[in-house]
Structure formats: C-alpha cells, structure tokens
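465 is the number that full-length UniProt numbering gives the last residue of the sequence shown; the numbers go up by one with no jumps. Encoded as structure tokens, the structure appears first; notes follow it.
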Amino acid sequence: MTMLGATLILLLSIAAADAAGIGVTYGRRATSLPPPADVARFLARDTVVDRVRILNTDPLAMRAFAGTGLAVDVTVRNSLVPRLADSVASARQWVRARVAPHAAAGTNVSRILVGSEVISQANRTLLLCLVPAMQNLHTALVALALDGQIKVSTAHSLGVLAAPTTQPSAGRFRELYDAAVVKPLLAFLRATGAPFMVNAYPFYGLTDDTPLDFALFRVGATGVMDAGSGLLYTNALDAQLDSVHSAMDRMGFGDVDVVVAETGWPWAGEGWEVGVGADHAGDYNRNAIRHLGSGVGTPLRPNRTFEVSIFSLFDEDLKPGPLSQRHFGLFHADMTPVYDAGIVTAPEYVGPVSSKITPALAAPAPAPDTTAADSGGRRWCVPTPAADAAVLQENIDFACGQGGIDCGAIRPGGSCYEPDTLQAHAAYAMNLYFRSNGEHAFDCEFGHTGVVTSADPSFGGCNFT
Ligand SMILES: *[C@@H]1O[C@H](CO)[C@@H](O)[C@H](O)[C@H]1NC(C)=O
Ligand SMILES: *[C@@H]1O[C@H](CO)[C@@H](O)[C@H](O)[C@H]1NC(C)=O
Ligand SMILES: *[C@@H]1O[C@H](CO)[C@@H](O)[C@H](O)[C@H]1NC(C)=O
C-alpha cells in the first residue's frame, strides 16, 4: 500500500470515530474571553469538535462560525418563549430576524433549542408555552424551507424525571407534566425528526451509592445491578441516560433519539464540593466522549453511538453559585487547555498547563431586591413558626432527597447556608420544592408545617426563586 493510501485510511478511521458528533457549549458569562472569530477558527482547526451550542442568538457569535462547517445550535431565551407560542407570525418574524440571515450566509445552524430546562423549572406559564412555541418555530422553518437543515428541540435537566432512583429501568417522567407537556413534546420530536436532549451530570449525582469511580468510568468501579431489568451498569452516565430511555419507553416513544446536550465536570470548586479537580474533569470528559462515541451504547440501547456536548468551552467567572459553577471550562481564555480532555488535535496544544491555572475568586452572591414590597402575584412556601424541629429536618431531607431538588445553596459555603438554622434551611428547601412542582397548595402541606405566603422570604445573599 502506498504511503498516501495508508494516510487516507488513518484519516478515515479517525473521522469515523467522531461520527456521533462532539460538541461544546459556548457560554460567555465571563469578564475576559477571546473574540468569537478566534474561537471559531480554533475549534474548527485545532479540535475534534464539530458542533457548538450558543446560549442565545448573538449575531457576532453566529457570524463567527460561518464557513467553518461546525453545526451551530442556538437557544431561545426563556423570556421569549411565551411570545413565540403566541402565533406563527411572531415565530416567523423571529426566525427571519435571528436565524435565516445567518443560515443564508454560511453558518451551519443545526438546531433551535427553545428555552433552557423549561420543564424542570417551576413556571407554569412557561411550561404550557413550550410545545406551542416549538410548533410555531417549526412551521416558520417549513415556510422558509429551512426545516430540512434546522431542527427544533429543547434541553432538559434530569429534573424532568420523577424522583431519582438507582434503578434506570424505573425511570419515569414527573407526574403532572407527562400527559400535558412531555407527551406532546415527544410526539412533536418524533414527527419532525428532532432528538430529545438531556443535560446529564454524574458530578451532581455523586452519593454514597454512586461513588467517584462509577461516575468517572473507571475500570474496576463496582457496577450496579438494576434489579428491575437485570442489566449491569458500570458507569453513572449510562444509568442516567437509561433512566431517560425507560421513561420514554414507558410513554411509547422509545424510537425518539436521545442526545446529551450537556455534560461536564468542574476542575475547581469549594472545599466541600466532592469530586472537583482537573484530573477528575479530564478523566470524566475523555471517558464520556470515548464511551458515547465507541458504539458500545448503553445497556438499554446497545450497539450505538450518542452525540455529546461538553459543558463548557470556557470558565464563566460571572456565574452565581458555588465555585464549581465558574470552573467547568475546557480552555483558558488564551485557548490553552485547562487539562487534557482529548479534544485537541494540534500537537502544540496537547497536555495540561496547570502552572497557568489561577482560580478565580468567588463572586459575592447578588443581594436580593428588598425594595419590592409588592410580590407581583408571586407566592412562596415557608414553615409555620410553630413547626417542630424534627419535622423541619424531615422536610429538608425529603425535599433534598426524594423530592429531587438541588439543595447545594443550603450546604456549607452555599449562598443560603447562613444563617445556619433549621428554620431558614427548611424555608429554602420547602419553598424550592413547592416552586419546582408547580406551586400547588398541597406541595406546601408538609404535614401542616408549611404555609403559602406572598411575602418574599429572601434574606442576606440568599435569593428565593
Ligand atoms: C452541518 O452540520 C450537520 C450536522 O447538523 C452536518 O451533518 C453537516 O455536514 C454540516 N454541514 C456542513 C456544510 O459542514
Ligand atoms: C414565568 O416565565 C415567564 C416567561 O419567562 C415570566 O415572564 C414570568 O415572570 C415567570 N413567572 C414566574 C413566577 O417566575
Ligand atoms: C450488538 O453487537 C454484538 C456484537 O456485534 C451482537 O452480538 C449483539 O447481538 C448486538 N446486540 C444488539 C441488541 O443488536
């Protein structure tokens, strides 16, 4: 065989390994980032990345990717979803203004993602607008003959599932949402050939039951047997994906493709955050990309690849929350890798550059707006003053455990940890549970220890949503 032939075969086999697609989320809530044009050139030339997601429709970023061939997923802000749900005309106007010019100018716009994690947010208005907005956008794309190239979908957190379980086969969508929203959503995705997109983070699932080795795909990690299906799980990401697959199968939509819209691992964080670190982040991202692209599949979906996007391209120092939130970046602002995630092809970039790492300082949490006397019709759930301490602890345990809400804010170092009282922590957890489940009075029941109020209970640096 000629040298050229051998080289061609080598190149072809590298391309085949990437067939499922490797993306990155390009968030820009940071004080200093390189210009989008430099970012686009770098990704196209020096990495295996073939897809990028931007969290808006910033024309500067969209233009930067013109001619690179990279697939670009754009995002509709949540606040815009109700307007797009209103009429096909408003959706058509939006597509004409925000998307069509870029598609015509050579940006490979691939998907419009409608809102962000809408289903797991406690906002009924937004929830009921989701599928109509997606339908209107699709109709607008059809009218502009762009529906072949551009699909409409939306990314979900795992909060779309009922209380997490260690058994993937038991996965099901949250009640209240499934018939009203999830079913029409899946029917829409099936009809239009768009994927169901999930943000899956084994980092946030670390518990005594899912230890670090299991989350990091380490060989020798103790596998977990799913008693329901008899299938053995050797890593946490497979278990999370198959929980989604089970929920979809249960509804009769097992044929809709699942895409990992976001996954990732923070390379730095607070002292109390288990598992943070550059070595773990490198292991996780490399292994996730290799596993999902390998064709092994998951126990419930064997012998296939999955498209995966890594969160995130850069650290974002302007994001709130614990330190880890600001340290999901794969690259520093000068485009040198934070650690080896296995996505850089240019040899001069390969290898960790830990000497350059200077962790950003934690930004103070934004102060709540205490001037707003009028609650604007908003309601919160708080404990009654007479509530018993033991019951308040039970409420916290329930809301943060089975209830499935994220209680990071009331853990040491979180924005709502101070004051460290049972009453304050219970207020945070009970309220978040109430809001996350659609604000039904019965979700503030808590055995007669909860009460609905129109007075914003936010305090200090803790903002009640
Ligand atoms: C645009 O992205 C799609 C993936 O959505 C890919 O299949 C296609 O090859 C890309 N087009 C170009 C011109 O690179
Ligand atoms: C729900 O979402 C809509 C649209 O983003 C927003 O206008 C409204 O204020 C939200 N409601 C609540 C209670 O957060
Ligand atoms: C997956 O591939 C293996 C090896 O090629 C084969 O033995 C097995 O039957 C396949 N499983 C399914 C579900 O297609």
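Every residue gets a Cβ at the ideal spot worked out from N, C-alpha and C, and that includes glycine.
What's the C-alpha gap between residue 271 and residue 419? Put simply, the backbone Cα of residue 271 is about 19 Å away from that of residue 419.
Residue span of the alpha helix (DSSP H) that contains residue 94, given as start and end: Here the alpha helix (DSSP H) through residue 94 covers 88 to 98.
Which full runs of the beta strand (DSSP E) of 3+ residues lie inside the segment 215 to 285, going along the chain? For the segment 215 to 285, whole beta strand (DSSP E) runs of length 3 or above, ordered along the chain, are 258 to 263.
Residue 219 classed as buried or exposed, judged by whether at least 16 other C-beta atoms fall within 10 angstroms: In the assembly as shown, residue 219 is an exposed residue. Its beta-carbon has fewer than 16 other beta-carbons within 10 Å.
Distance, residue 426 Cα to residue 414 Cα: So the alpha carbons of these two residues sit roughly 14 Å apart.
In chain order, what residues place their C-beta within less than 5 Å of a heavy atom belonging to ligand 2? That query returns the following residues: 78, 79, 123, 125 and 126.
CB of residue 69 to nearest heavy atom of ligand 1: below 6 Å? Yes; taking the cut-off as 6 Å, the Cβ of residue 69 has a heavy atom of ligand 1 nearer than that.
Measuring from the CB of residue 110, is there a heavy atom of ligand 1 at a distance below 6 Å? Checking the Cβ of residue 110 against ligand 1 gives yes.
N-terminal and C-terminal residue of the beta strand (DSSP E) that residue 156 is part of: Counting along the chain, the beta strand (DSSP E) containing residue 156 begins and ends at 151 to 157.
Which first and last residues belong to the alpha helix (DSSP H) in which residue 192 is found? Looking at the DSSP string, the run of the alpha helix (DSSP H) that includes residue 192 is 183 to 192.
Roughly how many angstroms separate the alpha carbons of residue 142 and residue 453, rounded to a whole number? Roughly 46 Å separates the two Cα atoms.
Name the residue from 331, 330 and 158 whose alpha carbon lies nearest to the alpha carbon of residue 247. Out of 331, 330 and 158, 158 has the C-alpha closest to the C-alpha of residue 247.
Which two residues bound the contiguous alpha helix (DSSP H) that contains residue 62? Secondary structure note for residue 62: its alpha helix (DSSP H) is the uninterrupted segment 59 to 64.
Simplified DSSP state of residue 349, which is helix, strand or coil: With a pLDDT of only 45 at residue 349, under 50, the local geometry of the prediction cannot be trusted, and the value read off the model is given with reservation. DSSP places residue 349 in helix when its eight states are reduced to three.
Less than 7 Å between the C-beta atoms of residue 306 and residue 260, yes or no? Yes, they are a contact pair.
Let's test the definition: count the other Cβ atoms within 10 Å of the Cβ of residue 51 and tell me whether it reaches 16, buried, or not, exposed. Burial call: buried.
Closest by C-alpha distance to residue 201, when choosing among 132, 308 and 148: Comparing Cα-Cα distances from residue 201 to each of 132, 308 and 148, the minimum goes to 308.
Can you tell me whether residue 360 is helix, strand or coil according to DSSP? Residue confidence is low: residue 360 scores 30 on pLDDT, short of 50, so the model does not pin down where it sits. Its coordinate-derived value is still stated next. Correct three-state label for residue 360: coil.
Nearest to residue 469 (by Cα), restricted to the options 463, 232 and 434: No answer is possible for residue 469: it lies beyond the span of the chain, which begins at 1 and ends at 465.
How big is the Cα-Cα spacing for residue 334 and residue 288? Going by the C-alpha atoms only, they are around 25 Å apart.
Using a Cβ-Cβ cut-off of 7 Å (strictly less than) and excluding sequence neighbours within five positions of residue 31, which residues of its own chain qualify? If we look at residue 31 and ignore the five residues flanking it on each side, its Cβ neighbours are 317 and 318.
Identify the continuous beta strand (DSSP E) that holds residue 108 and give its terminal residues. Run containing residue 108: 108 to 116, per the beta strand (DSSP E) assignment.
So, residue 112 versus residue 152, is the Cβ gap smaller than 7 Å? For residue 112 and residue 152, yes; Cβs fall inside 7 Å.
Per DSSP, the bridge partner or partners of residue 76: Answer is 114, bridged to residue 76.
For the alpha helix (DSSP H) that residue 396 lies in, which residues bound it at each end? Judged by DSSP secondary structure, residue 396 falls within the alpha helix (DSSP H) whose first and last residues are 389 to 400.
On the three-state DSSP scale, how would you describe residue 198? Looking at residue 198 - three-state DSSP - the assignment turns out to be strand.
Quick one: using the 10 Å Cβ neighbour count with 16 as the cut-off for buried, is residue 384 buried or exposed? It counts as exposed.
Can you give the beta carbon distance from residue 126 to residue 78, rounded, assuming they're within the 8 Å contact cut? Taking the Cβ atoms as the reference, residue 126 lies roughly 6 Å from residue 78, within the contact range of under 8 Å.
Residue burial classification, residue 207 (beta-carbon count within 10 angstroms, cutoff 16): By the neighbour-count rule (16 or more Cβ atoms within 10 Å), residue 207 is not buried but exposed.
Cα-Cα, which of 81, 294, 328 and 378 is closest to residue 26? Out of 81, 294, 328 and 378, 328 has the C-alpha closest to the C-alpha of residue 26.
Skipping 5 residues on each side, what residues in its chain have a beta carbon closer than 7 Å to that of residue 131? Annotation for residue 131: 181, 184, 185 and 188 place their beta carbon closer than 7 Å to its own, counting only its chain and skipping 5 residues before and after.
State the beta-bridge partners of residue 304 as determined by DSSP. None; residue 304 has no bridge partner.
Residues that residue 48 bridges to, as DSSP identifies them: Answer is none; residue 48 lacks a bridge partner.
Can the beta-carbon of residue 123 be found less than 7 Å from the beta-carbon of residue 84? Result no, Cβ atoms of residue 123 and residue 84 do not sit closer than 7 Å.
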